[in-house]
Structure formats: C-alpha cells, structure tokens
Amino acid sequence: MAELTLAPGKERSVMRRHPWIFAGSVAKVAGRSRPGDTVEVYNDRGQFMGRAAYSPDSQIRARMWSFDAEESIDHGFFKRRIAACVARRTAHPHLARQDGLRLIHGESDGLPGIIADRFGAVVVLQLTSAGGEKWRDAIVAGLVQATGCLCVYERSDSDVRRLEGLEPRSGILHGELPASVTITENGVKMEVDVVAGHKTGFYLDQRDNRLLTGQLSAGRAVLNCFCYTGGFSLQALAGGASSVLSIDSSGPALATAQRNLTLNPQLDASRAEWWEADVFEALRKLRAEGRSFDLIVLDPPKFAPSAAHAQRAARAYKDINILGFRLLNPGGILMTYSCSGGIGQELFQQIVAGAAVDAGVDARILHRLAAGADHPIGLAVPEGEYLKGLACQIG
Ligand code: SAH
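Quick note: the sequence shown uses this note's numbering, first residue 8, plus one each step.
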C-alpha cells in the first residue's frame, strides 16, 4: 500500500479527526497509487495516523477513512460503517419511521464523499470523491444489506465531482426502479423524482422545518418562495393555512408540486396558487399589487457555494429578506434560510437583521432552524453545517 507522509506540523487537523488532507499538507507519497486507492497516512516523524482515500486530482488530496491502525479498508469496512449509519437512524425516535431519510451524510457519518438518501424502497446514492467512486460496489452491497431496499439508484451528477476529476454518472446500480417513488412526510404524500429531481430528488434536510411551518400556518395567508415540489406549501395547507401562494422558476418542479397536491385529497386545493416566476421579480410585483401575507418562507438555492462568493451572495440574501419583511402583515412570521456553506450562522443572522432595518420593521427570532437529525454535523467537521434558518416575527 502506498504511504502518504504529512509535512511537518500538518498532522494537527488529522489528530483532531478532521477527514481532509489538503495538497499543501502532503510532504510526499511513496508507492503506486491511483485515484481512490487507500494510502497509509504518517506524520513527518513516521507515526501512523490512519488510512485515507487518495485523490491526486483534488485540492483535498486525501480523505480519511479510518484513524484506527487495526481497521483495514475493505468490503467489511463499508458494510460495518453503513450498517452503523442505518442503525443510528433506526434508534432515533424522530427518524425511525420516516420513509424519506438521509442514511449517509458524508464526512459527518464517517464516510467522506458518500451521500445516501432513502425514499421508500429506493436508495439514491451520490458519490462525490475518488474514494467513494473506487468502492461503489462495496457501498451498494452495504446499503442493500443494511436496508433491504429494492433499488439503488446513482445520482453522482453533482458539480463537485469535477474537482475530484470524476465524470457525472447516473443510473440503476441494483434492482429495478419503480415507475414512481412516493414518500409520506409528516402525513403528506410527496412524489420524488429520483432520476431528474434536484440533488437526490428531494430536500430531506427541511423535513422538521416543513413540519414547523405547518404548525404555524393555521388561519394564515402563506407565501412559499422557491417552493420546488411544494414541500412547505403542502405542510402549510395541512396545517390549516387560509391560502398558500407558491413560487418557483422551475416548470417541472411546479408540475410535480401540483401532482403532489392531487396525491393528498385531504388538502383543500382551492386554497393553493402556483406561480412560475423569478422570486426577486415576483416579490416586487406582489408589493406593487399591495398583497401581504402572515407567513413567508424563503428557501433559496445556494447563493454562495464557498466563502469566496459570500459577499455577492450576502447582497442577494439581503434583498429577498428585505422584500419578504415588507410583505408581512403585523405579527407576521418570516421563515428564512440559507443553505450556503460560505455563509455562516452568525453572518446570516447579521444579513437578516440588516434586512429588517432596511425594511423598517422590528423583528425577533422565534426559532433557530437547521437540518434534521439525519443530517448530523460531525464535531470534527463543522463545515458540514450548511443549512441555517431563522423564524422571525415582526411588529
Ligand atoms: N423549499 C424547497 C426546496 C427549495 S430548492 C423544498 O422544501 O423542497 C430551491 C428552489 O429554488 C428550486 O426549486 C429552484 O428551481 C428554485 N429557484 C432557483 N432560483 C430561483 C429564482 N430566481 N426564482 C424562483 N425560483 C428559483
């Protein structure tokens, strides 16, 4: 096995169990190693640090699989790690009965570059690192064994694969894909397009926040911006909203959203209105028309994929939040999110506070919001915390 030696002083983050070894921390790699191969990691004094997946094309040159000298990286390793991920979720009372669930959350679950989401009998797998790519077969076998799923479908079409020198890849890895995939989230049926939907098909990370939105919706006029397939909208209807206006720029997402509404005949479809539009323009139009709302959800796409984009993204976040605050009735609530890794919780709160000042409203935070427990954040990997939100009430 090839050996990767860290430069002097560069073992600190590995000792803190951070899984990433950046190119600048590597002194040398001895022996033959192709992308995804396992390398043994040593510090500059020759002490063993663990085993990692080598990725010569990436700035993240290696990702630690294990810090344990006794643990070899083989089929059994993936079987054990995957079974442990599934068992942690099965043991959690909020997660045990969910049929839409993140099973593997990458670095924070000890499996860097590996994401797996379960939607009923289908598991969608996304591999974003050379190491995951190398062990695809073992990962699929581990998932099938741990879940008994009927199908594993690959959606490795995320842009970040390019940073690892990997081509996009999608398709069936195990079993057969059912004609349609539906989950029940907080009592509401949702169709999941695992083949062409965003990410793995559905934004599972907002499950708890959609539930809270439903609970806050009774009797309220709700505006759901960036609605995708209508997750927040349907929870608002289920919670007794008097009306729900949902906006997204994607026609296919809105078509799925409307199908989702028909899947739930218990909901009053006459209270739902759908707009295919750019949210920035739609919010200005709503203001010009003199419309107002009691509860507004702003769940935009990632404006800042990394810290380098933070400044421009901050402006975009501020703009939609100003527009959102201005459309609220007295006592209204703004539920506002950022899923940008480049915008931390503190900065996001500052942006929202600035937006309230510019909108001329007094607001207070009722709830701090984050992803659910199936998207854990490894204490050693704080950058895994990407989704943050605030529920702010005005006046
Ligand atoms: N809230 C959703 C997830 C939102 S993902 C849920 O709970 O499932 C972000 C959505 O924003 C995507 O559906 C995308 O189509 C949409 N979008 C991106 N830019 C937009 C824009 N400028 N105007 C309107 N929608 C936009």
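All C-beta atoms, glycine included, are put in the ideal place defined by N, C-alpha and C.
Below 6 Å CB to CB, which residues in the same chain sit around P307 once its five sequence neighbours on both sides are set aside? Along the sequence shown, one-based indexing puts residue 307 at 300. Correct list, in chain order: F233.
How do the region 39-57 and the region 9-19 stand: do at least 3 beta-carbon pairs fall below 8 Å, yes or no? Touching, yes, given that three or more Cβ pairs across the two stretches are closer than 8 Å.
Say the cut is 8 Å; is the CB of Q213 nearer than that to a heavy atom of the ligand SAH? Within the sequence shown, residue 213 is the residue found at index 206, counting from 1. Yes, since a heavy atom of the ligand SAH falls inside the 8 Å radius drawn around the Cβ of Q213.
Please confirm whether any heavy atom of the ligand SAH lies closer than 8 Å to the CB of S345. As a working note, residue 345 is residue 338 in the sequence shown. Remark: the shortest separation between the CB of S345 and any heavy atom of the ligand SAH does not fall under 8 Å.
Quick check on DSSP: helix, strand or coil for S13? Walking along the sequence shown from the start, residue 13 turns up at place 6. Strictly speaking, residue 13 in this sequence is Leu, with Ser absent from that position. In the three-state reduction of the DSSP assignment, L13 falls in the strand class, which pools E and B.
If the criterion is Cβ atoms closer than 9 Å, does the pair R109 and D381 meet it? What you label residue 109 is simply residue 102 of the sequence shown in a count that begins at 1. What you label residue 381 is simply residue 374 of the sequence shown in a count that begins at 1. Yes, Cβ-Cβ distance for R109 and D381 is below 9 Å.
Can you tell me whether V364 is buried or exposed? The criterion is at least 16 other CB atoms within 10 Å of its CB, across all chains shown. If you number the sequence shown from 1, residue 364 lands on position 357. Counting Cβ neighbours within 10 Å, V364 comes out exposed, since fewer than 16 surround it.
Would the beta-carbon of F67 be found less than 8 Å away from any heavy atom of the ligand SAH? Taking the first residue of the sequence shown as position 1, residue 67 is located at position 60. Here residue 67 turns out to be Ile, not Phe, going by the sequence shown. Not under cutoff, so the answer is no.
Look at the Cβ atom of R87, then the Cβ atom of W72, and state whether they are nearer than 9 Å. For the purposes of this step, residue 87 is taken as residue 80 along the sequence shown, with counting starting at 1. For the purposes of this step, residue 72 is taken as residue 65 along the sequence shown, with counting starting at 1. The answer is no: Cβ separation not under 9 Å.
Does the beta-carbon distance from F310 to V229 come in below 9 Å? Taking the sequence shown and counting its residues from 1, the one referred to as residue 310 is at position 303. Taking the sequence shown and counting its residues from 1, the one referred to as residue 229 is at position 222. Contact: no.
What I want to know is whether the C-beta of Y236 ends up closer than 8 Å to one or more non-hydrogen atoms of the ligand SAH. Mapped onto the sequence shown, residue 236 falls at position 229. As written in the sequence, residue 236 is Thr, which differs from the Tyr given in the question. The beta carbon of T236 sits closer than 8 Å to at least one heavy atom of the ligand SAH.
May I have the straight-line CA-CA distance separating V151 from A248, to the nearest angstrom? Locating residue 151 in the sequence shown gives position 144, counting from the first residue. Locating residue 248 in the sequence shown gives position 241, counting from the first residue. The alpha-carbon atoms of V151 and A248 are separated by roughly 40 Å.
What does a CB cutoff of less than 6 Å around L118 pick up in its chain, not counting 5 residues either side in sequence? Mapped onto the sequence shown, residue 118 falls at position 111. Contacts found: R88 and I111.
Do L218 and E183 have their CB atoms nearer than 9 Å? As a working note, residue 218 is residue 211 in the sequence shown. As a working note, residue 183 is residue 176 in the sequence shown. Not closer than 9 Å, so no.
Over what stretch of residues does the beta strand (DSSP E) that includes S177 continue unbroken? Within the sequence shown, residue 177 is the residue found at index 170, counting from 1. Bounds of the beta strand (DSSP E) holding S177 are R176 to G182.
Would K86 pass as an interface residue toward chain D - the criterion being a Cβ-Cβ separation below 9 Å? The structure shown has no chain D; it contains just one protein chain.
Per DSSP, what kind of secondary structure is Y210 in: helix, strand or coil? For the purposes of this step, residue 210 is identified with residue 203 of the sequence shown, where counting begins at 1. It is coil, neither helix nor strand.
For E174, is the classification buried or exposed, using 16 other Cβ atoms within 10 angstroms of its Cβ as the cut-off for buried? Translated into the one-based positions of the sequence shown, residue 174 becomes position 167. Counting Cβ neighbours within 10 Å, E174 comes out exposed, since fewer than 16 surround it.
Close beta carbons around G178, own chain, < 8 Å, minus the five adjacent residues each side: Taking the first residue of the sequence shown as position 1, residue 178 is located at position 171. Leaving aside the five residues that flank G178 on each side, the residues in its chain whose CB is nearer than 8 Å to its CB run, in chain order, Y160 and E161.
Contact the region 288-303 vs the region 195-210: 3+ CB pairs below 8 Å: With a cut-off of 8 Å, the region 195-210 and the region 288-303 do not count as touching, because too few Cβ pairs lie within range.
Per-residue burial, P383 [other beta carbons within 10 Å of its own, 16 or more giving buried]: Position 376 of the sequence shown holds residue 383. The residue in question, P383, is buried, as its Cβ has 16 or more Cβ neighbours within 10 Å.
Measuring alpha carbon to alpha carbon, tell me which of P259, E390 and F84 ends up nearest A314. To locate residue 314, count along the sequence shown from 1; it is residue 307. When only C-alpha atoms are compared, the closest one is E390.
Going by DSSP in three states, P307 sits in which element: helix, strand or coil? Mapped onto the sequence shown, residue 307 falls at position 300. Of the three classes helix, strand and coil, the one that applies to P307 here is coil, per DSSP.
If T135 sits next to G149, beta carbons under 8 Å apart, how far is it from one beta carbon to the other, in whole angstroms? If you number the sequence shown from 1, residue 135 lands on position 128. If you number the sequence shown from 1, residue 149 lands on position 142. Between T135 and G149, the beta carbon gap of about 17 Å keeps them out of contact (Cβ cut-off 8 Å).
Could you name the residues of the same chain whose beta carbon sits closer than 6 Å to that of A366, not counting the 5 residues immediately before and after it, in chain order? Position 359 of the sequence shown, counted from the start, is the residue given in the question as residue 366. So the qualifying residues of the chain are I329, F332 and R333.
CB contact flag (L11, A69, <9 Å): Indexing the sequence shown from 1 puts residue 11 at position 4. Indexing the sequence shown from 1 puts residue 69 at position 62. Yes, the Cβ-Cβ distance between L11 and A69 is below 9 Å.
Which residue marks the beginning of the alpha helix (DSSP H) containing D326, and which one marks its end? In the sequence shown, the residue the question calls residue 326 occupies position 319. Per DSSP, D326 belongs to the alpha helix (DSSP H) from A317 to R333.
Please find out if some non-hydrogen atom of the ligand SAH comes closer than 8 Å to the beta-carbon of I329. As a working mapping, residue 329 is identified with position 322 in the sequence shown. Set against 8 Å, the gap from the CB of I329 to the closest heavy atom of the ligand SAH is not smaller.
For N267, which three-state DSSP category applies? Position 260 of the sequence shown holds residue 267. In this structure, DSSP gives N267 a helical state, which the three-state scheme calls helix.
Spatial neighbours of I327 in its chain, beta-carbon cut-off 6 Å, leaving aside the 5 residues before and after: Residue 327 sits at position 320 when you count from the first residue of the sequence shown. Here I327 has L305 as same chain residues with Cβ atoms under 6 Å from its own Cβ, once five neighbours each way along the sequence are excluded.
Per-residue burial, M342 [other beta carbons within 10 Å of its own, 16 or more giving buried]: Here the question's residue 342 lines up with position 335 in the sequence shown. Answer is buried; the Cβ neighbour count reaches 16.
N-terminal and C-terminal residue of the alpha helix (DSSP H) that I358 is part of: Working through the sequence shown from its first residue, we reach residue 358 at position 351. Taken as a continuous stretch (DSSP letters only), the alpha helix (DSSP H) holding I358 covers Q352 to A366.
Helix, strand or coil, according to DSSP, for H112 in the structure here? On the sequence shown, residue 112 is found 105 positions in, with the first residue counted as 1. In the structure shown, H112 adopts extended strand secondary structure according to DSSP, grouped into three states.
With a threshold of 8 Å, are at least 3 pairs of Cβ atoms found where one atom belongs to the region 276-286 and the other to the region 315-323? Judged by Cβ distances under 8 Å, the region 276-286 makes no contact with the region 315-323, as fewer than three pairs qualify.
Hey, is I372 close to the ligand SAH, as in C-beta under 8 Å from one of its heavy atoms? Looking up residue 372 in the sequence shown gives position 365. Not under cutoff, so the answer is no.
For L335, which option in N216, N231 and P259 has the closest C-alpha, if you only look at C-alpha atoms? Translated into the one-based positions of the sequence shown, residue 335 becomes position 328. For L335, the nearest C-alpha among the options comes from N231.
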